[in-house]
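Asker: Residues in the sequence shown are numbered from 24 upward in steps of one, following the numbering used here.
Quick reminder that beta carbons are idealized off the backbone N, C-alpha and C, glycines included.
Note that this is a predicted model, so its numbers are computed, not measured.
Can you keep this structure in mind? I'll have questions shortly.
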Amino acid sequence: LLDGAHVGAGTRISSSIVGANVRIGDRCRVEGRVVLGQDVNVGAGNTLLAGMRVFPGVTLPEGAIAF
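Next up, the structure:
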């Protein structure tokens, strides 16, 4: 986790890079070499797995990616 990152309640992060000023909502999973660029916003209930990349400044709405 880089400076300014905020992680919501019940969120699990492992083996991933979370950029500066990233906001991750509640009940998310970020696992398996995921990279979140600077200023990314991940809404609650998203699941990011298996090397996914999210470019800087992107916003993922609540529940946008779930498996």
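1) On the CB-based measure, 16 or more other CB atoms within 10 Å of its CB, does G48 come out buried or exposed?
2) Taking all protein chains shown into account, decide if G68 is buried (16 or more other Cβ within 10 angstroms of its Cβ) or exposed.
3) Identify whether L71 lies in helix, strand or coil by the three-state DSSP scheme.
4) Between L71 and the rest of its own chain, which residues show a CB-CB distance below 6 Å, the 5 nearest in sequence each way excluded?
5) Look up N35 in the DSSP assignment and say whether it is helix, strand or coil.
Answerer: Put simply:
1) Locating residue 48 in the sequence shown gives position 25, where the first residue counts as 1. By the neighbour-count rule (16 or more Cβ atoms within 10 Å), G48 is buried.
2) Counted from its first residue, the sequence shown places residue 68 at position 45. Its Cβ being crowded by 16 or more others within 10 Å, G68 is buried.
3) The residue you call residue 71 lines up with position 48 of the sequence shown. Residue state, collapsed to three classes: strand.
4) Counted from its first residue, the sequence shown places residue 71 at position 48. The residues are V53, V57.
5) The residue you call residue 35 lines up with position 12 of the sequence shown. Asn is not the amino acid found at residue 35; the sequence shown has Arg there. Correct three-state label for R35: strand.
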